[in-house]
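Novice: In mature numbering (1 follows the signal peptide of the UniProt record, and there is no 0), the protein residues as written are -20 to -1, 1 to 323.
Quick reminder that beta carbons are idealized off the backbone N, C-alpha and C, glycines included.
Bear in mind that the values here come from a model prediction, so they are computed numbers and not experimental data.
1. Residue 115 and residue 267: beta carbons closer than 9 Å?
2. Using 8 Å for Cβ pairs, my map puts residue 171 next to residue 160. What's the rounded Cβ distance?
3. Let me confirm a value: residue 250 is counted as buried when at least 16 other C-beta atoms fall within 10 Å, else exposed. Which label applies?
4. Take the Cβ of residue 38 as the centre, count every other Cβ of all protein chains shown within 10 Å, and call the residue buried at 16 or more, exposed below.
5. Once DSSP output is grouped into helix, strand and coil, what is the label at residue 38?
6. At what residue ranges does the segment 98 to 131 contain a whole run of the beta strand (DSSP E), taking only runs of 3 or more?
7. Out of 152, 225, 157 and 134, point me to the one whose CA is closest to residue 143's CA.
8. Can you give the Cα-Cα distance for residue 121 and residue 134, rounded to whole angstroms?
9. Rounding to the nearest angstrom, what Cα-Cα distance links residue 70 and residue 119 in this structure?
10. Please report how far the alpha carbon of residue 31 lies from the alpha carbon of residue 56, in whole angstroms.
11. Can you name, in chain order, every residue of its own chain whose Cβ lies under 6 Å from the Cβ of residue 202, other than the five neighbours on each side?
12. Since residue 282 and residue 241 should fall inside the 8 Å C-beta cutoff, what is the C-beta to C-beta distance between them, to a whole number of angstroms?
13. Grab me the residues of residue 96's own chain with a C-beta within less than 6 Å of its C-beta, minus the 5 sequence neighbours each way, in chain order.
14. State buried or exposed for residue 216, treating a residue as buried only when at least 16 other CB atoms are found within 10 Å of its CB.
15. In this structure, does DSSP put residue 251 in helix, strand or coil?
16. Where does the unbroken alpha helix (DSSP H) through residue 218 begin, and where does it stop?
17. Where does residue 57 sit, in a helix, a strand or coil, going by DSSP?
18. Quick test of your reading: residue 272 and residue 104, contact by CB under 8 Å. State the CB separation rounded to the nearest angstrom.
19. From residue 36 to residue 123, what does the alpha carbon distance come to, in whole angstroms?
20. Taking C-alpha atoms, which residue in 131, 137, 59 and 205 lies nearest to residue 107?
21. When burial is assigned at 16 or more other CB atoms within 10 Å of the CB, is residue 297 buried or exposed?
22. Who are the Cβ neighbours of residue 269 in its own chain at under 6 Å, not counting the five residues just before and after it?
23. Along the alpha helix (DSSP H) that carries residue 187, what are the first and last residues, could you check?
24. For residue 257, count the other beta carbons within 10 Å of its own beta carbon; 16 or more makes it buried, fewer makes it exposed. Which is it?
25. Restricting to Cα atoms, I'd like to know which of 84, 88 and 61 is closest to residue 75.
26. Out of curiosity, what's the CA-to-CA distance linking residue 145 and residue 186?
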């Protein structure tokens, strides 16, 4: 009996090792292969214990392989060009970097991104993703040609960074001579974010952070990785816009209700949310509303985070306000100056 029991346990262990691949926060934000659910304990599967909410960390729709990751039917090349109308302007340092093909290629690596729900829900997620990332990379100003919300994706890296953004970490040690300032559509910052993101997308970003500003596919993958990955106790941006996140009583008391505003809170709430009217939050909303109009979808309610309390300080940047105060304004001034030179 003991022998049979031992053999059974060993077989069970082998099954676990073969089919239970670590994911989520336990594995640096890695996603499960083939669209499998990532359980709260960091294991992949397609049954209720893995996919149930609350608990499931990502790709929480049972059944394995999700709908096609090809977003070309959701966002066309002409819509991409219309949304990011001035990204290749001579005033923009990122001109000719961000391409439609790079975005479509990167998106295929993330199950559920832009493929969750009906067509309207999918378009709404793409509008929200580009709304947030356009703010992070904007070169627009109040009187810019075609309006300030036509100038997203003007930048691919932080201008004149004041820090190396290197935090002491045994898990994600900074590479000699490398700096982890904001790069890519989401302005990925800090060594631990580069390390976790690199592990998830299969690129050594800790030793080669410049890949995020030199390779457009990797740049988009880094941004989508952040979008799809929960940061406990915060949900993922994807879970919010896809309607998978349900606020707790504490969330409701803090004003955190389903909508675009919670996504801003996730990304940079420590610096922008709970402070009343804020021009940065308004800028994010402006981009989102313009893109929703291009897609012909309703942006929904709860768009701002003016009165939301922040669950955890910071977001993708997680730096003191005085280190990056004026970043948005300085980028806009830079773009104005460069645009005027080219007139």
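Specialist: So, to answer that:
1. The Cβ atoms of residue 115 and residue 267 lie closer than 9 Å to each other.
2. Residue 171 to residue 160, Cβ: 5 Å. Contact.
3. Answer is buried; the Cβ neighbour count reaches 16.
4. Residue 38 is classed as buried because its beta carbon has at least 16 other beta carbons within 10 Å across all chains shown.
5. Of the three classes helix, strand and coil, the one that applies to residue 38 here is strand, per DSSP.
6. Complete beta strand (DSSP E) runs here, min 3: none at all.
7. Scanning 152, 225, 157 and 134 for the CA closest to the CA of residue 143 turns up 157.
8. C-alpha separation (whole angstroms): 12 Å.
9. When rounded, the distance between both Cα atoms is 11 Å.
10. Approximately 32 Å, taken between the alpha carbons.
11. Within the same chain, residue 202 has close Cβ partners 164, 168, 177 and 192.
12. That belief holds up - the Cβ atoms of residue 282 and residue 241 are roughly 5 Å apart, short of 8 Å.
13. Correct list, in chain order: 222.
14. Within a 10 Å sphere around the beta-carbon of residue 216 sit 16 or more other beta-carbons, which makes this residue buried.
15. Three-state DSSP puts residue 251 in a helix.
16. Segment 217 to 221, the alpha helix (DSSP H) holding residue 218.
17. Look at residue 57 here: in three-state DSSP terms it is helix.
18. Contact flag correct, Cβ pair sits at about 7 Å.
19. Approximately 45 Å, taken between the alpha carbons.
20. Looking from the CA of residue 107, the closest CA among 131, 137, 59 and 205 belongs to 59.
21. With a pLDDT of 46 at residue 297, under the threshold of 50, the modelled position of that residue is not reliable, and the figure given next carries that caveat. Looking at its Cβ environment, which holds 16 or more other Cβ atoms inside 10 Å, residue 297 is buried.
22. These residues qualify, in order along the chain: 279.
23. Run containing residue 187: none; DSSP gives neither H nor E here.
24. Here residue 257 is exposed. Its C-beta has fewer than 16 other C-beta atoms within 10 Å.
25. From the listed residues 84, 88 and 61, the smallest Cα separation to residue 75 is found for 61.
26. Distance between the alpha carbons of residue 145 and residue 186 is about 12 Å.
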